[in-house]
């Protein structure tokens, strides 16, 4: 069965990526000893590991939270991207659209510029709230505009409203930023995305949102397949397209907001990963969604490993790494999409 | 088996009444076809029955007002096939036909063995099981229409609503599809409500016709009563002649209003002077 094979490949890819992410870094750990130390943590498995106490501290307190956070963020971004693509019937839509990224950027910038003393925990909260608010404003604007439009259905209107709201929020963010030149560095390093401050605390703080949003999106795979035949036929099949769209957009916004809160803006994951998933297992969202979740996790763990090793001891922003891989891949997706339509 | 009727049916789109006070009825297992010029309100009427546009008046299936049905109930009862169905090019035939089972699935449930069996049966019935794994983008026009009918049939409906089921097909495939719908109607006891552009086809396959013009019923009844030269000329502003076919049902043919030019001269003229083709045709 094609779906199970693809899921098996994705799971193996994720496991391999996480292992590589765990032993590669500034302090190189022995791969076998790392694997043994990780397996030792599984209940009822006892494996002696040659890692010393210092290496173990590096592994469990520095390396592992970062790998797990990268996996969570990558999985959420890819899943949210796939969810949006299903809702908008367009493989080039990303989780950052609909004002999500711009809203998060504005939220983070306001906190950094005006509330610099609020502490490091304030930025994720502001980004999270900003991201959800951005999508909310875009959704309400789009829904209101679609009542007065001649575009075939609400989908295109919603997307265009998202772009307009995003541009507005980016303009506001630029305005706030240029009022305080001293914060430009901090803001830009946040905007380009980074997992360098990863802690178990961050993993735990986004876990409930990640679990809730992923569960909701994964449960709607079949509904997104029905939406592929258009709103009118979906309704004739007894489905409520508006309700499905609202639910999946809300869950995808929550998934993307939790990811953005702890990582900053990381682009292209939500486009590239679902596309590869489609190539592997076909267009049905019942397989594209779970594959995106697992594949996105593996992809971002690898991207983060590259980000923190190529310029070691300095770090490359992870958003730069995903863009270098993602921008050419975007063109590839575009070509594939054109091919399918002719 | 389900009888279908509409009474005082009115549909208003963007402030304009498109269907006005329309009344018709058909018994279960019958084929009723809506005919009429472009813009007469045929498709809108069909969409109202499918529950896709709001309407005033009543539409009842076996005496139950369809407005009171939940959307999944209505979808289990009636399968709707639009004039130009959306066929996602990368989806396989099997996946697409299985979408027809949607009305039978609970919100969070996945299709089970029974659903797959019903989809397979529909594909067998329409002789498309051979290419179940093919992608929709690679089908011919005739294959597409059969795949769409299979999706409708997979829902085990009592009524099928067909909007111009033959508009994209050549004459041979048109006939195949209409024969197929007629067979399905007999085998599965389906009630068929369709719109048809082709008046002769409508007369040959439908038990009853409803002739619409500007949203109103101009005539209704058996084909021989509706397809008369006078009525068609009046409603379509067309010159036609109606003759009985081999089975006694009416055949409608258009008649040229001006006599044709002598054939050889006309061809010669077209060859000699391509710039004037617009006048010749």
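Chains as they are written, first to last, in our numbering: chain A, 1285 to 1626; chain B, 73 to 353.
Here a beta-carbon is modelled for each residue, glycine too, at the ideal position from N, C-alpha and C.
Quick caveat: nothing in here was measured; it's all calculated off a predicted structure.
Where the alpha helix (DSSP H) through residue i begins and ends
i                       : result
residue 1243 of chain A : A query on residue 1243 of chain A cannot be resolved here, the shown segment of chain A reaching from 1285 to 1626 and no further.
residue 1293 of chain A : 1286 to 1307
residue 163 of chain B  : No alpha helix (DSSP H) contains residue 163 of chain B, which DSSP labels as neither H nor E.
residue 203 of chain B  : That residue, residue 203 of chain B, is in no alpha helix (DSSP H); it is neither H nor E in DSSP.
residue 197 of chain B  : 185 to 197
residue 1414 of chain A : 1406 to 1430
residue 213 of chain B  : 213 to 226
residue 250 of chain B  : 243 to 260
residue 1481 of chain A : Looking at the DSSP string, residue 1481 of chain A is not in any alpha helix (DSSP H), and its letter there is neither H nor E.
residue 1531 of chain A : 1525 to 1547
residue 115 of chain B  : 114 to 121
residue 1696 of chain A : The question about residue 1696 of chain A has no answer here: the residues shown for chain A are numbered 1285 through 1626.
residue 1562 of chain A : 1553 to 1565
residue 1337 of chain A : 1337 to 1341
Minimum Cβ-Cβ distance from residue i to chain A less than 8 Å
i                      : result
residue 162 of chain B : yes
residue 126 of chain B : no
residue 149 of chain B : no
residue 264 of chain B : no
residue 79 of chain B  : no
residue 84 of chain B  : no
residue 353 of chain B : Summary for residue 353 of chain B: the model assigns pLDDT 40, below 50, so the residue's position carries little reliability, and this model does not support an answer.
residue 328 of chain B : no
residue 102 of chain B : no
residue 121 of chain B : no
residue 167 of chain B : yes
Three-state class that DSSP yields for residue i in the structure shown
i                       : result
residue 89 of chain B   : strand
residue 1466 of chain A : helix
residue 1573 of chain A : helix
residue 347 of chain B  : Because the pLDDT at residue 347 of chain B is just 49, under 50, the model does not fix this residue reliably, and the point stays unresolved.
residue 1626 of chain A : With a pLDDT of 41 at residue 1626 of chain A, under the threshold of 50, the modelled position of this residue cannot be trusted; read the value that follows with caution. Three-state DSSP puts residue 1626 of chain A in coil, outside helix and strand.
residue 107 of chain B  : strand
residue 1513 of chain A : coil
residue 137 of chain B  : strand
residue 84 of chain B   : strand
residue 1385 of chain A : helix
residue 1329 of chain A : coil
residue 1504 of chain A : coil
residue 157 of chain B  : coil
residue 177 of chain B  : coil
residue 1399 of chain A : coil
residue 1521 of chain A : coil
residue 1375 of chain A : coil
residue 1578 of chain A : helix
residue 1550 of chain A : coil
residue 237 of chain B  : coil
residue 300 of chain B  : coil
residue 306 of chain B  : helix
Bridge partner(s) assigned by DSSP for residue i
i                      : result
residue 312 of chain B : B:326
residue 288 of chain B : B:285
residue 293 of chain B : B:281
residue 151 of chain B : B:232
residue 96 of chain B  : B:78
Span of the beta strand (DSSP E), counted from its first residue to its last, around residue i
i                      : result
residue 266 of chain B : 263 to 267
residue 131 of chain B : 128 to 133
Whole-angstrom C-beta distance between residue j and residue i, which should lie under 8 Å
i                       : j                       : result
residue 1495 of chain A : residue 1419 of chain A : Incorrect: roughly 20 Å between the Cβ atoms, too far for contact.
residue 1548 of chain A : residue 1595 of chain A : The Cβ separation is near 18 Å, so there is no contact.
residue 227 of chain B  : residue 148 of chain B  : 6 Å
residue 1416 of chain A : residue 1541 of chain A : 5 Å
residue 1383 of chain A : residue 1450 of chain A : 5 Å
residue 249 of chain B  : residue 257 of chain B  : With 8 Å as the limit, residue 249 of chain B and residue 257 of chain B do not qualify as a contact, their Cβ atoms being about 13 Å apart.
residue 169 of chain B  : residue 195 of chain B  : 6 Å
residue 99 of chain B   : residue 78 of chain B   : So it is not a contact: roughly 14 Å between Cβ atoms.
residue 1388 of chain A : residue 1411 of chain A : 4 Å
Chain B contact for residue i (CB, 8 Å cutoff)
i                       : result
residue 1286 of chain A : no
residue 1514 of chain A : yes
residue 1466 of chain A : no
residue 1292 of chain A : no
residue 1567 of chain A : yes
residue 1557 of chain A : no
residue 1347 of chain A : no
residue 1577 of chain A : no
Residues that residue i contacts on chain D, provided the C-beta gap is smaller than 9 Å
i                      : result
residue 155 of chain B : Included in the structure are the protein chains A and B, with no chain D among them.
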